[in-house]
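Shown next, in structure tokens, is the structure this report addresses.
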Amino acid sequence: MGAARKPKPHYADLLSPSVTPADLAQGIGIANSLKPHELIRLAHDSGLKHIVQTSGMEFDRELLLARAIAAKPKDFLNHPLEMINGSNSAKSERRFSMNSDAAESKDRLIDSFAEFLAESSSTRRVLERAILIADELYTNGSKNAWPGNSGLFEGPATSKGTIEFFSAADESRLVIGCKDSFGKLSTKRLTARLLECFDKGVADSIRRGSGGAGIGSYLVFESSVSYYAGVQANKKTLVCVVLPIGARMREISESVKHVHLFSIK
Amino acid sequence: MEFKSAATKDGNSLQLKFSGSIDEDTTFPAVDLGGVNTVVIDLNDIKAINSVGIRGWLDWIRPVAEKAQIQLVNCPKAMVFQFNMVNGFLPPGTVVKSFYVPFFCEKCDKESNVLFRVGQEVVVNGTDLKINVDAKSASGCTDADCELEMDVTEAKYFQFLKRA
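Here you go:
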């Protein structure tokens, strides 16, 4: 997604009274209740970097966050939890993090993360979904270390780098994310891949041969209510998602999502 | 958790029991379908499945489904998510006989997975679903104040039954 590219909003419900010309100039669009495939189609075709939905979970917070990320994208790449949950959030939430080499087995991460989720009933109730997300985020993060696997990633494969997996839970939301030191993710390829899964169906979009199946990002996107992917070319890739937990879990339709996709140099 | 499978044959029915995680390390069993017209797969002890596991599952189950009817029993939440999320995860003709539904009680702060048998705890009639379950009894909770409620969005979690 090039910085100079002008957004081209073209969905009927994109322009709500809440969106300002400044928002659009920053690549922020506001929709009402686009379905997941419509949301990704819009992100892919329009060049918008952030699309937040008025009927999605915590719309106001997501809009403010979109504005904050647009203003300081590097801050988001460095401190995603602080920006998503607020700088004082660490006092009221449980956190989990693990750093590792890209080549390291993910079994240890999954086991430790499952223990973290099991500590509270609110996170235990989404354990299966959260473990799936963790598995896919970690695998995608480390995928660039898989020789010969290009997939969503640009540039030659490498086998050296670090991966930081993190999560935070408060009463209403669980954030799960993974940051790597490769900075190779292409957000354009990511949206194209998601669209392929929506258009052809997951089973017919699966990549054959060795390496990833190419549907992990789809599973993560479909399992969350907010999806963030940010890239600093050749330096950092961050993908994280939000899941509703606790009392709000059943109230919130997972079909209305927010998406934030950006690349910087 | 390492994937394991065990097989037993009973007349023209092959019973398979899978356990562990279905992922990039999983090797599905080679099955001899000679004289077999039904394959019953017990998924009770499956803990997780990821995207590479989904590919492996599809590669394995599709040819089996062409030669015998597949019946899935004791399907955990992790598998039900895939039934709903991945079109084609259940090959044509596959029957889900029973699956777990999560319940939660705010008062007791207690979760419980209740086994729904299709045709008993849940009855499908076209696109209509009828649920006949006393979750409290099924969970074995003895707390008089317990208010167990289904912990999923019904329209989403039971979607695969309407597609069958």
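Order-wise, the sequence lines are chains Z and B.
Using this note's numbering, read the first sequence as starting at 4 and increasing by one per residue.
Using this note's numbering, read the second sequence as starting at 79 and increasing by one per residue.
Heads up, the beta-carbon is just placed ideally off N, CA and C, and yes, glycines get one too.
Straight-line Cα distance separating residue j from residue i
i, j, result
"H263 of chain Z", "I209 of chain Z", "25 angstroms"
"K238 of chain Z", "K214 of chain B", "53 angstroms"
"L37 of chain Z", "M157 of chain B", "27 angstroms"
"S124 of chain Z", "T220 of chain B", "19 angstroms"
"A148 of chain Z", "G215 of chain Z", "Confidence is the limiting factor: at A148 of chain Z the pLDDT is only 48, short of 50, which leaves the residue's position unreliable, though a coordinate-based value still follows. Computed Cα separation, rounded: 12 angstroms."
"P150 of chain Z", "P141 of chain B", "Because P150 of chain Z sits at a pLDDT of 44, beneath the cut-off of 50, its placement in the model cannot be relied upon, and the following sentence gives the value as read from the coordinates. C-alpha separation (whole angstroms): 31 angstroms."
"A143 of chain B", "N152 of chain B", "19 angstroms"
"A311 of chain B", "V114 of chain B", "Chain B is shown from 79 up to 242; residue 311 of chain B falls before or after that span and cannot be answered."
"A172 of chain Z", "G89 of chain Z", "13 angstroms"
"D110 of chain B", "V196 of chain B", "28 angstroms"
"I33 of chain Z", "A117 of chain Z", "35 angstroms"
"D138 of chain Z", "V211 of chain B", "34 angstroms"
"D187 of chain B", "F177 of chain B", "23 angstroms"
"V245 of chain Z", "L84 of chain Z", "11 angstroms"
"G252 of chain Z", "E174 of chain Z", "Checking the displayed sequence, the identity of residue 252 of chain Z turns out to be Met instead of Gly. If you take the alpha carbons of M252 of chain Z and E174 of chain Z, they lie about 10 angstroms apart."
"D229 of chain B", "K268 of chain Z", "44 angstroms"
"K234 of chain B", "P247 of chain Z", "16 angstroms"
"V100 of chain B", "C224 of chain B", "Here residue 100 of chain B turns out to be Ile, not Val, going by the sequence shown. Rounded to whole angstroms, I100 of chain B to C224 of chain B spans 35 angstroms at the Cα level."
"A25 of chain Z", "V201 of chain B", "53 angstroms"
"L193 of chain B", "K87 of chain B", "25 angstroms"
"E199 of chain B", "V179 of chain B", "11 angstroms"
"S95 of chain Z", "L222 of chain Z", "29 angstroms"
"G217 of chain Z", "K187 of chain Z", "16 angstroms"
"C200 of chain Z", "L66 of chain Z", "27 angstroms"
"R211 of chain Z", "Q160 of chain B", "19 angstroms"
"R98 of chain Z", "P169 of chain B", "40 angstroms"
"N162 of chain B", "D202 of chain Z", "16 angstroms"
Where residue i meets chain B, residues with beta-carbon distance less than 8 angstroms
i, result
"E167 of chain Z", "Here the premise fails: no neighbours, minimum Cβ distance about 20 angstroms."
"L42 of chain Z", "Result: empty, since nearest Cβ-Cβ is about 16 angstroms, beyond 8 angstroms."
"A216 of chain Z", "S129, V130, I132, R133"
"D173 of chain Z", "In chain order: nothing, as chain B lies at least about 17 angstroms away."
"L135 of chain Z", "A126, I127, N128, A156, F159"
"S124 of chain Z", "F182, D187, K188, E189"
"L80 of chain Z", "Within 8 angstroms Cβ-Cβ: nothing; L80 of chain Z doesn't reach chain B, min ~25 angstroms."
"D48 of chain Z", "Near D48 of chain Z there are no residues of chain B at all, since even the closest Cβ is about 23 angstroms away, more than 8 angstroms."
Counted within 10 angstroms of its Cβ, other Cβ atoms place residue i as buried (16 or more) or exposed
i, result
"P154 of chain B", "buried"
"G59 of chain Z", "buried"
"I209 of chain B", "exposed"
"Q56 of chain Z", "buried"
"G50 of chain Z", "buried"
"T240 of chain Z", "buried"
"S229 of chain Z", "buried"
"R241 of chain B", "exposed"
"A84 of chain B", "exposed"
"R128 of chain Z", "buried"
"H47 of chain Z", "buried"
"N128 of chain B", "buried"
"K75 of chain Z", "exposed"
"N203 of chain B", "exposed"
"E61 of chain Z", "buried"
"S108 of chain Z", "exposed"
Integer Cβ distance of residue i from residue j, believed to fall under 8 angstroms
i, j, result
"S170 of chain Z", "F119 of chain Z", "7 angstroms"
"F238 of chain B", "V174 of chain B", "7 angstroms"
"E227 of chain B", "F182 of chain B", "6 angstroms"
"V164 of chain B", "A206 of chain Z", "6 angstroms"
"K260 of chain Z", "L42 of chain Z", "6 angstroms"
"T165 of chain Z", "N81 of chain Z", "Not a contact, Cβ separation roughly 14 angstroms."
"L193 of chain Z", "A232 of chain Z", "6 angstroms"
"I87 of chain Z", "L68 of chain Z", "6 angstroms"
"V242 of chain Z", "L140 of chain Z", "6 angstroms"
"L135 of chain Z", "A126 of chain B", "7 angstroms"
"A71 of chain Z", "I31 of chain Z", "So it is not a contact: roughly 11 angstroms between Cβ atoms."
Contact set between residue i and chain Z, taken where Cβ atoms lie within less than 8 angstroms
i, result
"G257 of chain B", "One cannot answer for residue 257 of chain B here, as it falls past the ends of chain B, which runs 79 to 242."
"S97 of chain B", "Those do not exist, as S97 of chain B stays about 15 angstroms from chain Z at its closest Cβ, beyond 8 angstroms."
"P180 of chain B", "R128"
Any non-hydrogen atom of the ligand GDP within 7 angstroms of residue i CB
i, result
"S229 of chain Z", "This structure lacks the ligand GDP; in fact it carries no ligand of any kind."
Under 7 angstroms by beta carbon: chain Z residues contacting residue i
i, result
"V174 of chain B", "The contacting residues do not exist; V174 of chain B stays about 17 angstroms from chain Z at best."
"T231 of chain B", "R253"
Residue i: contacting residues in chain Z (beta-carbon distance under 9 angstroms)
i, result
"K155 of chain B", "L130, E131, R132"
"L136 of chain B", "A206, I209"
Neighbouring residues, chain B, relative to residue i (Cβ below 7 angstroms)
i, result
"E118 of chain Z", "Under the 7 angstroms cutoff, chain B gives no residues; its nearest Cβ is about 14 angstroms from E118 of chain Z."
"D183 of chain Z", "Near D183 of chain Z there are no residues of chain B at all, since even the closest Cβ is about 18 angstroms away, more than 7 angstroms."
"L177 of chain Z", "What L177 of chain Z touches in chain B: nothing, since even the nearest Cβ is about 15 angstroms away."
Chain-ordered neighbours of residue i on chain B, where CB pairs are closer than 9 angstroms
i, result
"G1 of chain Z", "Residue 1 of chain Z lies beyond the range of chain Z shown here (4 to 268); nothing can be said about it."
"E199 of chain Z", "Going along chain B, no residue has its Cβ under 9 angstroms from E199 of chain Z, so there is no contact; the nearest lies around 13 angstroms."
"L246 of chain Z", "The premise fails here: L246 of chain Z is roughly 13 angstroms from chain B at the closest Cβ pair, so nothing lies under 9 angstroms."
"E139 of chain Z", "N128, S129"
Checklist entry - Between the stretch 179–191 of chain Z and the stretch 247–262 of chain Z, do at least 3 Cβ pairs fall closer than 8 angstroms? => result Under the 8 angstroms Cβ criterion, the stretch 179–191 of chain Z does not count as touching the stretch 247–262 of chain Z, having fewer than three qualifying pairs.
Checklist entry - How do the stretch 114–125 of chain B and the stretch 86–96 of chain B stand: do at least 3 beta-carbon pairs fall below 8 angstroms, yes or no? => result With the cut-off at 8 angstroms, the stretch 114–125 of chain B and the stretch 86–96 of chain B touch.
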